[in-house]
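S.K.: Once you've had a glance at the structure underneath, I'll fire off some questions.
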Amino acid sequence: MTQWWSSAYNDIVSQLPQSIVDCLKLRIQNTKIRGKKCELNEESDNLKELFEKELASYNNKKQ
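Right, here's the structure in full:
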């Protein structure tokens, strides 16, 4: 799979199952802001928060 996030997030992303990463990609691509679809931008600061939130949720479910 092609990496669509900044390499700065690799430590977070590597802890998530690929299925969750794939789901996040689809969720970002299908999000509309003011009627326009979001672009995947690997430099986006919002991605870090999204990955961290998803990792926290995943870890809570594992316990």
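With the first letter of the sequence shown counted as 1, position 15 gets the number -2 in my numbering; the numbers rise by one all the way through.
We put the beta carbon where it would ideally sit given N, CA and C, even for glycine.
Please read these numbers as outputs of a predicted model, since none were measured by experiment.
Leu(-1) by DSSP, collapsed to three states: which one?
M.R.: Translated into positions along the sequence shown, residue -1 becomes position 16. Of the three classes helix, strand and coil, the one that applies to Leu(-1) here is coil, per DSSP.
S.K.: Using CA atoms only, rank isn't needed, just tell me which of Trp(-13), Ser(-3), Leu7, Ser2 is closest to Leu33.
M.R.: Along the sequence shown, read from residue 1 onward, the residue named residue 33 stands at position 50. The candidate whose alpha carbon is nearest that of Leu33 is Leu7.
S.K.: DSSP three-state label for Ser(-11), please.
M.R.: By 1-based counting over the sequence shown, the position of residue -11 is 6. In the structure shown, Ser(-11) sits in coil (DSSP, three-state: anything other than H, G, I, E or B).
S.K.: What do you reckon, are the CB atoms on Leu(-1) and Tyr41 nearer than 8 Å?
M.R.: As a first step, residue -1 must be located in the sequence shown, where it is residue number 16. As a first step, residue 41 must be located in the sequence shown, where it is residue number 58. The answer is yes: Cβ separation under 8 Å.
S.K.: Pick out whichever of Ala(-9), Glu37, Asp(-6) has its Cα sitting closest to the Cα of Ile11.
M.R.: Counting from one through the sequence shown, the residue named residue 11 turns up at place 28. Cα-wise, what sits closest to Ile11 is Glu37.
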